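Novice: Mind looking over this structure? Questions follow.
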């Protein structure tokens, strides 16, 4: 939640899994780009795509382990920003559901994301008001 003079931590949520290794690499690259953009806005990004990129090659039967671990990371964040295509990702849908349960502000896209300074100046009510109507359903 917003707290003055603190670097807010944002979780980058979006598709990771895909039919081919190349498409997975593309998902990782998109997530990394969004994470870098959040950092430019003053946020500290948590980007599970880059944190465990291609670990599934070494731990092929550990999908639930990664889903549980990334959920634990998301639960510790101040906000969530979604990557285009998130509605088609079962993992991201679960993260959105859990973030809603916990009252973590969700931003539908990078363009909706305020700077960290703006976020820190908001009350919790204001932060929730900023959540895109696209997510509200």
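In our numbering, the protein residues as written are 1457 to 1593. Ideal Cβ placement from N, Cα and C applies to all residues, glycine included. All values reported here derive from a predicted model rather than from experimental measurement.
1) What did DSSP end up calling residue 1538 once you bin it into helix, strand or coil?
2) Measure the alpha-carbon distance for residue 1470 versus residue 1530 and round it to whole angstroms.
3) DSSP on residue 1471, reduced to helix/strand/coil?
4) Quick check on the burial criterion: 16 or more other C-beta atoms within 10 angstroms. Buried or exposed for residue 1492?
5) In whole angstroms, give me the CA-to-CA distance for residue 1475 and residue 1577.
6) May I ask you to report which of helix, strand or coil DSSP gives residue 1502?
7) According to DSSP, simplified to helix, strand and coil, what is residue 1484?
8) List the DSSP bridge partners of residue 1465.
9) Straight-line CA distance for residue 1507 to residue 1526?
10) Applying the criterion that 16 or more other CB atoms from any shown protein chain within 10 Å of the CB defines a buried residue, is residue 1517 buried or exposed?
11) Alpha helix (DSSP H) containing residue 1414: first to last residue?
12) Out of 1523, 1485, 1494, 1538, point me to the one whose CA is closest to residue 1465's CA.
13) How long is the line joining the alpha carbons of residue 1536 and residue 1477, rounded to whole angstroms?
14) Among 1573, 1486, 1498, 1555, which residue has its Cα nearest to the Cα of residue 1528?
15) From the DSSP output, read off the bridge partner residues of residue 1563.
Specialist: Taking the geometry as given:
1) Within the chain shown, numbered from 1, the residue matching residue 1538 stands at position 82. Residue state, collapsed to three classes: strand.
2) For the purposes of this step, residue 1470 is taken as residue 14 along the chain shown, with counting starting at 1. For the purposes of this step, residue 1530 is taken as residue 74 along the chain shown, with counting starting at 1. Straight-line spacing of the CA atoms in residue 1470 and residue 1530 works out to 12 Å.
3) Taking the first residue of the chain shown as position 1, residue 1471 is located at position 15. Three-state result, residue 1471: coil.
4) Along the chain shown, one-based indexing puts residue 1492 at 36. Per the 10 Å Cβ criterion, exposed.
5) Counting from 1 along the chain shown, the entry for residue 1475 is found at position 19. Counting from 1 along the chain shown, the entry for residue 1577 is found at position 121. Approximately 42 Å, taken between the alpha carbons.
6) Translated into the one-based positions of the chain shown, residue 1502 becomes position 46. Strand at residue 1502.
7) Within the chain shown, the letter at position 28 stands for residue 1484. When secondary structure is reduced to three states using DSSP, residue 1484 falls in the helix class.
8) Translated into positions along the chain shown, residue 1465 becomes position 9. DSSP, once it has assigned bridges, lists 1500 as partnering residue 1465.
9) Counting from one through the chain shown, the residue named residue 1507 turns up at place 51. Counting from one through the chain shown, the residue named residue 1526 turns up at place 70. So the two alpha carbons sit approximately 10 Å from each other.
10) Your numbering for residue 1517 matches position 61 in the chain shown. So residue 1517 counts as exposed.
11) Beyond the ends of the chain as shown, which are 1457 and 1593, falls residue 1414; an answer cannot be given.
12) The residue you call residue 1465 lines up with position 9 of the chain shown. Distance from the Cα of residue 1465 is smallest, within the candidate group 1523, 1485, 1494, 1538, for 1494.
13) Position 80 of the chain shown, counting from 1, holds the residue named residue 1536. Position 21 of the chain shown, counting from 1, holds the residue named residue 1477. Straight across, the Cα-Cα distance linking residue 1536 with residue 1477 is about 26 Å.
14) Within the chain shown, the letter at position 72 stands for residue 1528. Looking only at 1573, 1486, 1498, 1555, the smallest Cα-Cα distance to residue 1528 is reached by 1555.
15) Against the chain shown, residue 1563 aligns to sequence position 107. Partner residues in the beta bridge of residue 1563, as assigned by DSSP, are 1537.
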